[in-house]
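Read through the structure below, which is laid out as structure tokens, and then see the notes.
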Amino acid sequence: MSYTVGVFVGSTASDSINKKLAKALVKLAPPELKLVDIPIGKLPLYSRDYDADFPAEARAFKASVDAVDAIIFVTPEYNRSIPGALKNAIDWGSRPWGSNSFAKKPSAVTGTSPGHISTAVAQQHLRSILSFVNSPELANPECYIHFTEGLIDDDGNVTVPSTEEFLRHWLQEFHIFVVKVVGAQKITV
Ligand code: FNR
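And the structure:
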């Protein structure tokens, strides 16, 4: 059985190293996981005023989240947290009240930074948000990628074999997690 996995990239920068990491994940994913990009950069700033009638961009975004079986977040760390654009997208997806698109949808978190703690603090903040929106998260293995020049080329090829192997393993573990979570949700008690 195959699963569609939405990929949120937390960076809107044109030369983003996290976009490169997301491209690498598409190449390294097991055949059972089909990774599709869910863009967040064109969303307006969320306000409760929109809850009665979401604008077209937000409706399309929410439909994309609803359509996938699972989500991978690939995020930079901004000032020891997640970028505002990513928080904004999660706020849109979680509303209006009663139609939280993340509920029960399995997720995994990764990110890359040239800094030595490699987005660790941002990932912890993101995990806290994902807990609140009731998304079951892959707890382990964690996936912190320390970006060095040339680690991932423009085509999404990982040039360091140990990092490539680790990312492949992480995706296989996420596949197992998705199978378990989605399978458990079919049980009726
Ligand atoms: C950063 N950067 C950064 N890096 C880090 O490891 N921890 C941090 O808290 C921050 N804070 C931060 C704030 C802001 C506003 C910017 C623009 C950058 C550096 C960051 O890791 C680097 O710019 C990456 O290249 C960002 O990822 P993308 O956009 O290239 O994917």
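When we follow the numbering used here, the leftmost residue of the sequence shown carries the number 115, and every step to the right adds one. Beta carbons are placed, not taken as given, at the ideal position from N, Cα and C, and that holds for glycine.
At a cut-off of 7 angstroms, would you count residue i as near the ligand FNR, judging by its Cβ distance to the nearest heavy atom?
| i | result |
| --- | --- |
| Gly162 | Residue identity check: residue 162 is Arg in the sequence provided, not Gly. Flag unset: Cβ of Arg162 not near the ligand FNR. |
| Asn193 | yes |
| Ile196 | no |
| Thr262 | no |
| Val270 | Checking the displayed sequence, the identity of residue 270 turns out to be Gly instead of Val. It does not: the Cβ of Gly270 is nowhere closer than 7 angstroms to a heavy atom of the ligand FNR. |
| Ser128 | no |
| Gly155 | no |
| Asn202 | no |
| Asn248 | no |
| Pro255 | no |
| Lys219 | no |
| Lys137 | no |
| Lys133 | yes |
For residue i, count the other beta carbons within 10 Å of its own beta carbon; 16 or more makes it buried, fewer makes it exposed. Which is it?
| i | result |
| --- | --- |
| His289 | buried |
| Ile231 | exposed |
| Pro255 | exposed |
| Ile154 | buried |
| Arg194 | exposed |
Tell me which same chain residues have a C-beta within less than 7 angstroms of the C-beta of residue i, skipping the five on either side of it?
| i | result |
| --- | --- |
| Leu240 | Phe187, Thr189, Ile196, Val223 |
| Leu157 | Glu171, Ala172, Phe175, Asn202, Ala203, Trp206 |
| Gln286 | Pro144 |
| Leu159 | Asn202 |
Quick one: what's got a C-beta closer than 6 angstroms to residue i's C-beta in the same chain, skipping five residues either side?
| i | result |
| --- | --- |
| Thr121 | Residue 121 is actually Val in this sequence, not Thr. Closer than 6 angstroms at Cβ, skipping near neighbours: Ala136, Leu149, Asp151, Ile186. |
| Val292 | Tyr117, Ala184, Pro220 |
| Pro228 | Phe261 |
Grab me the residues of residue i's own chain with a C-beta within less than 8 angstroms of its C-beta, minus the 5 sequence neighbours each way, in chain order.
| i | result |
| --- | --- |
| Asn271 | Ala138, Lys141 |
| Asn214 | Gly207, Ser208, Val247, Asn248 |
Could you tell me which uninterrupted alpha helix (DSSP H) segments, each at least 4 residues in length, are contained entirely in the segment 182-254, listed from first to last along the chain? 198-208, 234-246
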